[in-house]
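Quick note: the sequence shown uses the numbering used here, first residue 1, plus one each step. In what follows, a structure is listed as structure tokens, so that the remarks can point back to it.
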Amino acid sequence: MEAIADFKRLQPGGRYQPANCVARHRVAIIVPYRDREEHLRMFLYHMHPVLQRQQLDYGIFVVEQAGSDAFNRASLLNAGAMESLKQHDFQCFVFHDVDLLMEDDRNLYTCPQQPRHMSVAVDSMHYKLAYPQLFGGVSAVNREQFELVNGFSNQYWGWGGEDDDMYNRLTFHHLYIARYPANIARYKMVKHKHAKVNPKRFDLLRKGKKRFTTDGLSSLEYQVKDVSLEKLYTRVLIDFSR
Ligand code: BGC
Ligand code: MN
């Protein structure tokens, strides 16, 4: 019987390179995280076999927010991207919620030419795209594109808006969002309680454009409290408090 998951070939920190070829894509999967151990386990067991079948040179980086401030998904993604580049010369990032499990191997986690929104059809959303500008859930961005738009805004504390802000950044820079067909880009969402929404998100979003150049990678401040190379992932513990 074929092994369910070839974890033996994984390098420490959840890194992988195909054995018999040089991969064409070096992909850092960045997973913002806090207090979702069960989801994380499911995610890792689910993803490694797929990514290996896709013959990618990849690593999974779980970026955990220390402390009890509101969750800042966007800043975790910024920090995770920067930290991943200290480990390897990744060409692109896949920003990935921990509770989304992809369903179809044809949903390729390769580096995109244009930014690619990947979680097009999610079961909890009746497998329908909620709105054309949606860039949340799972999305892939090249390193150059990410740097061009100054990464994500760091101002979004709590749930919502940060992905819409990224959409605005991308389109402002004349990038457009690519998507695989909805019959391929399918995901299941693991059930969970809804996080605390950020009531300021609409206001932040409205005024977002003014901050594109000053708020993002250029203003990102964080402390790395720990980096550990686990078997199935690299854990990066991040503290934003000063
Ligand atoms: C929020 C986004 C979220 C989307 C789908 C929007 O209202 O601003 O952050 O991804 O809803 O849930
Ligand atoms: Mn979720």
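We put the beta carbon where it would ideally sit given N, CA and C, even for glycine.
8 Å CB neighbourhood of Val122 in its chain, flanking five on each side removed = Your numbering for residue 122 matches position 122 in the sequence shown. Once the five neighbours on either side are set aside, the close Cβ partners of Val122 are Leu100, Gly137, Arg186, Tyr187, Lys188 and Met189.
Euclidean distance between Cα positions of Glu64 and Pro32 | As a working note, residue 64 is residue 64 in the sequence shown. As a working note, residue 32 is residue 32 in the sequence shown. It is roughly 6 Å from the alpha-carbon of Glu64 to the alpha-carbon of Pro32.
Taking just the CA atoms, how far does Asn183 sit from Asn78?
-> By 1-based counting over the sequence shown, the position of residue 78 is 78. By 1-based counting over the sequence shown, the position of residue 183 is 183. When rounded, the distance between both Cα atoms is 30 Å.
Starting from the C-beta of Glu243, find all residues in its chain whose C-beta is less than 7 Å away, skip the five residues before and the five after it, and write them out in chain order.
-> Nothing in the structure corresponds to residue 243, since the chain is present only between 1 and 242.
Is Tyr167 helix, strand or coil when you go by DSSP?
-> Translated into the one-based positions of the sequence shown, residue 167 becomes position 167. Tyr167 carries a helical assignment under DSSP once its states are collapsed to helix, strand and coil.
Any non-hydrogen atom of the ligand MN within 7 Å of Asp35 CB = Against the sequence shown, residue 35 aligns to sequence position 35. The answer is no for Asp35.
Whose CA, out of His174, Met82 and Leu175, lies closest to the CA of Ser219?
-> Here residue 219 corresponds to residue number 219 of the sequence shown, with the count starting at 1. Ranked by Cα distance from Ser219, the first of His174, Met82 and Leu175 is Met82.
Grab me the residues of Asp89's own chain with a C-beta within less than 8 Å of its C-beta, minus the 5 sequence neighbours each way, in chain order.
-> Here residue 89 is taken as the residue at index 89 of the sequence shown, counted from 1. So the list reads Arg26, once near-sequence residues are dropped.
Beta-carbon proximity list for Tyr176, same chain, < 6 Å, skipping 5 on both sides | Working through the sequence shown from its first residue, we reach residue 176 at position 176. Correct list, in chain order: Gln114.
Between the beta-carbon of Ala19 and the beta-carbon of Phe61, is there less than 8 Å?
-> Within the sequence shown, the letter at position 19 stands for residue 19. Within the sequence shown, the letter at position 61 stands for residue 61. No. Outside cutoff.
Where the alpha helix (DSSP H) through Met230 begins and ends | Translated into positions along the sequence shown, residue 230 becomes position 230. Note on residue identity: the sequence assigns Glu, not Met, to residue 230. For Glu230, there is no enclosing alpha helix (DSSP H), as DSSP gives it neither H nor E.
Excluding the 5 residues preceding and the 5 following Asp108 in the sequence, name in chain order all residues of the same chain whose CB lies nearer than 7 Å to its CB.
-> Taking the first residue of the sequence shown as 1, we reach residue 108 at position 108. Sequence check: residue 108 is Leu here, not Asp. For Leu108, where only same-chain residues beyond five positions count, the Cβ hits under 7 Å are Gln54.
Looking at the unbroken beta strand (DSSP E) that takes in Gln114, where does it start and where does it end?
-> Within the sequence shown, residue 114 is the residue found at index 114, counting from 1. First-last for Gln114: undefined, no H or E at that position.
Would you kindly report the start and end of the unbroken beta strand (DSSP E) that includes Lys188?
-> Along the sequence shown, one-based indexing puts residue 188 at 188. Arg186 to Met189 is the span of the beta strand (DSSP E), which, as asked, contains Lys188.
Pro181 and Asn142 closer than 8 Å at C-beta = Your numbering for residue 181 matches position 181 in the sequence shown. Your numbering for residue 142 matches position 142 in the sequence shown. No, the Cβ-Cβ distance between Pro181 and Asn142 is not below 8 Å.
Helix, strand or coil for Tyr156 per DSSP?
-> Here residue 156 is taken as the residue at index 156 of the sequence shown, counted from 1. Correct three-state label for Tyr156: coil.
List in chain order the residues whose CB is within less than 7 Å of at least one heavy atom of the ligand MN.
-> Cβ-based neighbours of the ligand MN within the cut-off: Asp97, Asp99, Met189 and His192.
Would you report the Cα separation of Glu38 and Asp226, rounded to the nearest angstrom?
-> As a working mapping, residue 38 is identified with position 38 in the sequence shown. As a working mapping, residue 226 is identified with position 226 in the sequence shown. Distance between the alpha carbons of Glu38 and Asp226 is about 21 Å.
Which of helix, strand or coil does DSSP assign to Asp215?
-> Working through the sequence shown from its first residue, we reach residue 215 at position 215. Here Asp215 sits in coil by DSSP.
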